[in-house]
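The number in the working numbering is simply the position in the sequence shown, starting from 1, with 21 added.
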Amino acid sequence: MSEISGYCDPAWDAVRAKFAENFAEGDLGASACVIHRDETVVDLWGGHRDVAATSLWERDTLVNVWSTTKMMAALCVLRLHDQGRLSVDDPVALHWPEFAAKGKEDVLVRHVLSHTAGVPGYDVPINEEEMYDTPLCVARLAGQAPWWKPGAASGYHSSTQGPLLGEIVRRVDGRSLGHYFRDEIAGPLGADFHIGTPDEAFSRVAEMRTDEIAVSVVAGDSVGARVSRGEPAHAAMVNTDRWRRFEQPASNGHGNARSVATIVSCLGREGAVNGHQIVSKATIERCFEVQADGVDQVLGLKAKFGIGFGLPSEGMPMGVNDRTLFWAGWGGSFAVVDVENQMTVVYVMNRMQDGTVGGARSANVIFAAHAAAAALRGD
């Protein structure tokens, strides 16, 4: 059985037990972190960072967290909202005029943040070289018509949210989203999370195991089918230096549970971490404004989206109350912030299993943390 390292407050031993249970059931390498009322009560890691299981997962091991990265991208845009440099209610075209083409003049920034913009994929599929050409991707998305009335429903923008939010940030600030994130959020917090990982960190990046996931192109004209054939399979690229170096704000952030938790815990701490105000309390309240609630046209399950984050729903019941913000990554990573009870739970790993958003391993850790917090409250 894999050795578990790190710290766990005795009151949270159930989290450690579930984390260890994941390894007993075949997990490869992972880290988990819980921050409760400004205190880190769980900071664990274990297993191996390579598929051959020859190199131990260390305290500072990084891993691609896939779409959990979207929480970081959302915080960048929300911070710009707080800074008065944009509003989430602005039309995207106010900052990016070309985006108004073909009926997208009414797409708002909050629509992009909530997967309701109607641009979840590419009209003309892109290949791998084109995917790495961000200006080309941005121009393609700006030039196409929305696939449904913006704001009317959600259709998970699994990949396109990255270049869309990235271009909004670039137009408003001048920096790329990855650089804005580094300078304004990760850097001040001392959080080891990267959107565009520096070469000097590559030796710490865990190898992803991808052989258990199903990647398929779906036939037909449904939104999900069109998205499925719009891009090359990212899983084939994830272990390359080119992917790690690339800035894809929707899916290729690299960090660990500690760094993810440090950053997103601002949502449960009135916007501030270690004296650094990332976003305001008022902006956090806006995140709870429901933008979509129904069957997502891409995910195919019931989902509820606020501004920038998922909200608990029948399809994704990841909270114990409605005051919960979360999102997850392809293959298993997950981050949940119980704003009401000031608790953040994060699980990240390198053995990908089927599931676009989270999975059983992360749920084991998350609900053990919910139970421990409830016991401390006397619920």
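The C-beta atom is built at its ideal place from N, Cα and C for all residues, glycine as well.
Starting from residue i, follow the alpha helix (DSSP H) in both directions and report where the run begins and ends.
{"i": "residue 188", "result": "182 to 194"}
{"i": "residue 302", "result": "302 to 307"}
{"i": "residue 201", "result": "198 to 202"}
{"i": "residue 245", "result": "244 to 249"}
{"i": "residue 387", "result": "381 to 398"}
{"i": "residue 97", "result": "90 to 103"}
{"i": "residue 284", "result": "278 to 285"}
{"i": "residue 114", "result": "113 to 116"}
{"i": "residue 133", "result": "130 to 134"}
{"i": "residue 367", "result": "Here residue 367 belongs to no alpha helix (DSSP H); instead the beta strand (DSSP E) covers 364 to 370."}
{"i": "residue 82", "result": "That residue, residue 82, is in no alpha helix (DSSP H); it is neither H nor E in DSSP."}
{"i": "residue 155", "result": "155 to 163"}
{"i": "residue 151", "result": "149 to 152"}
Please say whether residue j and residue i have beta carbons closer to each other than 7 Å?
{"i": "residue 415", "j": "residue 280", "result": "There is no way to answer for residue 415, as the model of the chain reaches only from 22 to 400."}
{"i": "residue 128", "j": "residue 113", "result": "yes"}
{"i": "residue 384", "j": "residue 52", "result": "no"}
{"i": "residue 166", "j": "residue 123", "result": "yes"}
{"i": "residue 65", "j": "residue 40", "result": "yes"}
{"i": "residue 350", "j": "residue 88", "result": "yes"}
{"i": "residue 248", "j": "residue 107", "result": "no"}
{"i": "residue 245", "j": "residue 316", "result": "no"}
{"i": "residue 111", "j": "residue 140", "result": "no"}
{"i": "residue 357", "j": "residue 387", "result": "yes"}
{"i": "residue 233", "j": "residue 374", "result": "yes"}
{"i": "residue 251", "j": "residue 143", "result": "yes"}
{"i": "residue 408", "j": "residue 292", "result": "Because the chain is modelled from 22 through 400, residue 408 falls outside the range shown and cannot be assessed."}
Starting from the C-beta of residue i, find all residues in its chain whose C-beta is less than 6 Å away, skip the five residues before and the five after it, and write them out in chain order.
{"i": "residue 172", "result": "132 and 137"}
{"i": "residue 283", "result": "210 and 212"}
{"i": "residue 390", "result": "36, 55 and 366"}
{"i": "residue 84", "result": "227, 369 and 371"}
{"i": "residue 287", "result": "294 and 299"}
{"i": "residue 58", "result": "363"}
{"i": "residue 259", "result": "85 and 229"}
{"i": "residue 169", "result": "139"}
{"i": "residue 23", "result": "44, 67 and 68"}
With 16 other CB atoms within 10 Å as the buried threshold, where does residue i fall?
{"i": "residue 236", "result": "exposed"}
{"i": "residue 239", "result": "exposed"}
{"i": "residue 125", "result": "buried"}
{"i": "residue 341", "result": "buried"}
{"i": "residue 182", "result": "buried"}
{"i": "residue 195", "result": "exposed"}
{"i": "residue 60", "result": "exposed"}
{"i": "residue 401", "result": "The chain is shown only over 22 to 400; residue 401 falls outside these bounds and no answer can be derived."}
{"i": "residue 296", "result": "exposed"}
{"i": "residue 381", "result": "exposed"}
{"i": "residue 145", "result": "exposed"}
{"i": "residue 75", "result": "exposed"}
{"i": "residue 201", "result": "buried"}
{"i": "residue 105", "result": "exposed"}
{"i": "residue 28", "result": "exposed"}
{"i": "residue 205", "result": "buried"}
{"i": "residue 257", "result": "exposed"}
{"i": "residue 31", "result": "exposed"}
{"i": "residue 265", "result": "buried"}
{"i": "residue 333", "result": "buried"}
{"i": "residue 207", "result": "buried"}
Give me, in chain order, the residues of the same chain whose beta-carbon lies closer than 7 Å to that of residue i; leave out the 5 immediate sequence neighbours on both sides.
{"i": "residue 184", "result": "155, 158, 159 and 162"}
{"i": "residue 115", "result": "none"}
{"i": "residue 225", "result": "81, 82 and 83"}
{"i": "residue 34", "result": "none"}
{"i": "residue 99", "result": "300, 304 and 329"}
{"i": "residue 393", "result": "32, 33, 35 and 36"}
Please check if any C-beta of chain D sits within less than 7 Å of the C-beta of residue i.
{"i": "residue 328", "result": "No chain D appears in the structure shown, which is made up of a single protein chain."}
Using a Cβ-Cβ cut-off of 8 Å (strictly less than) and excluding sequence neighbours within five positions of residue i, which residues of its own chain qualify?
{"i": "residue 197", "result": "187, 190, 191, 217 and 268"}
{"i": "residue 135", "result": "175, 312, 313, 326, 327, 328 and 329"}
{"i": "residue 148", "result": "253"}
{"i": "residue 262", "result": "220 and 223"}
{"i": "residue 164", "result": "119, 122 and 123"}
{"i": "residue 49", "result": "68, 69, 72, 74, 230, 370, 371 and 372"}
In the DSSP assignment, find the beta strand (DSSP E) that holds residue i and state where it starts and stops.
{"i": "residue 218", "result": "Taken as a continuous stretch (DSSP letters only), residue 218 belongs to no beta strand (DSSP E), as it is neither H nor E."}
{"i": "residue 264", "result": "Residue 264 -> not in any beta strand (DSSP E); alpha helix (DSSP H) instead, spanning 262 to 266."}
{"i": "residue 64", "result": "60 to 68"}
{"i": "residue 314", "result": "313 to 316"}
{"i": "residue 71", "result": "Per DSSP, residue 71 belongs to no beta strand (DSSP E) and is neither H nor E."}
{"i": "residue 325", "result": "323 to 326"}
{"i": "residue 337", "result": "Per DSSP, residue 337 belongs to no beta strand (DSSP E) and is neither H nor E."}
{"i": "residue 359", "result": "355 to 359"}
{"i": "residue 41", "result": "Per DSSP, residue 41 belongs to no beta strand (DSSP E); it is in the alpha helix (DSSP H), 34 to 45."}
{"i": "residue 55", "result": "50 to 57"}
{"i": "residue 345", "result": "345 to 349"}
{"i": "residue 26", "result": "25 to 29"}
Touch test, the stretch 66 to 77 against the stretch 325 to 332, Cβ-Cβ under 8 Å, three pairs minimum: Contact fails: fewer than three Cβ-Cβ distances are below 8 Å.
Segment contact, 8 Å Cβ cut-off, at least three pairs: the stretch 261 to 278 with the stretch 78 to 94: yes
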